[in-house]
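J.: Sequential numbering from 1 applies to the sequence shown in UniProt numbering. Dumping the structure here so I can ask a few things about it.
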Amino acid sequence: MVEGVTTLEIDTLVRKFIIENEAYPSPLNYYGFPKSICTSINNIVAHGIPDKRKLMDGDIINIDISVYCNGFHGDTSATFCVGNVDQQGLALVEATKKALDIGMNVCGPEVELRQIGNSIENYANEAGYSVNDQYTGHGIGKEFHQNPLIYHFKNDEPGVMKEGMVFTIEPMLNQGTKECIIFPDGWTISTCDGSRSAQFEHTIIITSNGYEILTV
Numbered sequence: 001m002v003e004g005v006t007t008l009e010i011d012t013l014v015r016k017f018i019i020e021n022e023a024y025p026s027p028l029n030y031y032g033f034p035k036s037i038c039t040s041i042n043n044i045v046a047h048g049i050p051d052k053r054k055l056m057d058g059d060i061i062n063i064d065i066s067v068y069c070n071g072f073h074g075d076t077s078a079t080f081c082v083g084n085v086d087q088q089g090l091a092l093v094e095a096t097k098k099a100l101d102i103g104m105n106v107c108g109p110e111v112e113l114r115q116i117g118n119s120i121e122n123y124a125n126e127a128g129y130s131v132n133d134q135y136t137g138h139g140i141g142k143e144f145h146q147n148p149l150i151y152h153f154k155n156d157e158p159g160v161m162k163e164g165m166v167f168t169i170e171p172m173l174n175q176g177t178k179e180c181i182i183f184p185d186g187w188t189i190s191t192c193d194g195s196r197s198a199q200f201e202h203t204i205i206i207t208s209n210g211y212e213i214l215t216v
């Protein structure tokens, strides 16, 4: 990711690419969301709105892209480093990517959905991070958000994975507290203590012998 680029410029480029490929950016006008992607920098946990802020050396930024194409939605995100990110920031990003892998690797037919969150939070806590427990992964398909909810933290929710089930796993790990606040814009979510947050996400489908990643 390049220093000096604005998140609004990223949003414009992504929207243009999506539309040129005969698809539609799922977030645009979804319950009034004003842009085509979410861009969440440093302490922003999720749903950051692209604007004229320039990326700075040392930032970490999550870019969350969701697309509606041929009657179905897909949802993916990744956290990128801008320039020279400190070791603590790099470690957070790597740990969050690993947390997603750990969550996916428990998936398969007849596995309890709760195992995703249990495995993610166990790993995150051992690594010294908290897991945001106010936002979840979700079923996805003909609707942008549908059942089941996918918790990224320890839980006792019922439900098992079935072959053909499609959902997102999108853990958000924080360097400090798991608690967060919503900005007055009604969308932007920040850590309460200003600590950095990272997120990675894939859409997966449960197969007869495990799972398959549907996003890049």
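Cβ coordinates follow ideal geometry from the N, Cα and C atoms, glycine included.
#1: Candidates PRO171, ALA124, PRO109 and ASN155: which alpha carbon is nearest GLY137's?
#2: Based on the DSSP output, what are the partners of PHE80 in its beta bridges?
#3: From the DSSP output, in three-state form, read off residue 230 for me.
#4: Look at the Cβ atom of THR168, then the Cβ atom of THR207, and state whether they are nearer than 7 Å.
#5: Please say whether ALA99 and TYR123 have beta carbons closer to each other than 7 Å?
#6: Should CYS38 be counted as a contact of the ligand MG given a C-beta to heavy atom distance under 6 Å?
#7: Please report the straight-line C-alpha distance between GLU157 and GLN87, rounded to a whole angstrom.
#8: Spatial neighbours of ASP75 within its chain, please: C-beta separation below 6 Å, excluding the five flanking residues on both sides.
#9: Please confirm whether ASN125 and LYS178 have their CB atoms less than 7 Å apart.
#10: Nearest-angstrom Cα distance between THR6 and PRO109?
#11: ASP59 and SER77 look like a contact to me (Cβ under 8 Å); what is the Cβ gap, rounded to whole Å?
#12: Restricting to Cα atoms, I'd like to know which of TRP187, ARG114, PRO184 and ALA127 is closest to MET161.
#13: Whose CA, out of ILE116, ASN84, PRO184 and ASN62, lies closest to the CA of ILE10?
#14: Under 7 Å, do residue 217 and PHE153 count as touching if we go by C-beta distance?
#15: Could you work out which residue in GLY89, ILE120, SER197 and PHE80 is closest to GLU3 when comparing CA atoms only?
#16: Can you list, in chain order, the residues of its chain with a C-beta nearer than 7 Å to that of SER190? Leave out the 5 residues immediately preceding and following it.
T.: In this structure, then:
#1: Taking the first residue of the sequence shown as position 1, residue 137 is located at position 137. Cα-wise, what sits closest to GLY137 is PRO171.
#2: In the sequence shown, residue 80 corresponds to position 80, counting from 1. In the DSSP assignment, PHE80 is bridged to ILE61.
#3: Residue coverage of the chain in this structure runs from 1 to 216, which leaves residue 230 outside it and unanswerable.
#4: Position 168 of the sequence shown, counting from 1, holds the residue named residue 168. Position 207 of the sequence shown, counting from 1, holds the residue named residue 207. No; because the gap between Cβ atoms is not below 7 Å, this pair is not in contact.
#5: If you number the sequence shown from 1, residue 123 lands on position 123. If you number the sequence shown from 1, residue 99 lands on position 99. In this structure, ALA99 lies closer than 7 Å to TYR123 by Cβ.
#6: Here there are no bound small molecules, and the ligand MG is not part of this structure.
#7: Start at 1 with the first residue of the sequence shown, and residue 157 comes out as number 157. Start at 1 with the first residue of the sequence shown, and residue 87 comes out as number 87. Those two C-alpha atoms are separated by around 36 Å.
#8: By one-based count along the sequence shown, residue 75 stands at place 75. These residues qualify, in order along the chain: SER66, ILE140, THR168 and THR203.
#9: Counting from one through the sequence shown, the residue named residue 125 turns up at place 125. Counting from one through the sequence shown, the residue named residue 178 turns up at place 178. Result no, Cβ atoms of ASN125 and LYS178 do not sit closer than 7 Å.
#10: The residue given as residue 6 occupies position 6 in the sequence shown. The residue given as residue 109 occupies position 109 in the sequence shown. So the two alpha carbons sit approximately 42 Å from each other.
#11: Along the sequence shown, one-based indexing puts residue 59 at 59. Along the sequence shown, one-based indexing puts residue 77 at 77. Not quite, the Cβ-Cβ distance comes to about 16 Å (not below 8 Å), so this is no contact.
#12: Within the sequence shown, residue 161 is the residue found at index 161, counting from 1. In this structure, ARG114 is the residue among TRP187, ARG114, PRO184 and ALA127 with its C-alpha nearest to the C-alpha of MET161.
#13: The residue given as residue 10 occupies position 10 in the sequence shown. Comparing Cα-Cα distances from ILE10 to each of ILE116, ASN84, PRO184 and ASN62, the minimum goes to ASN62.
#14: As shown, the chain starts at 1 and ends at 216. That puts residue 217 outside it, with no answer to give.
#15: If you number the sequence shown from 1, residue 3 lands on position 3. Ranked by how close their Cα comes to the Cα of GLU3, the residues GLY89, ILE120, SER197 and PHE80 have PHE80 in first place.
#16: Mapped onto the sequence shown, residue 190 falls at position 190. So the qualifying residues of the chain are ASN43, ILE44, VAL45, CYS180, ILE181 and PHE183.
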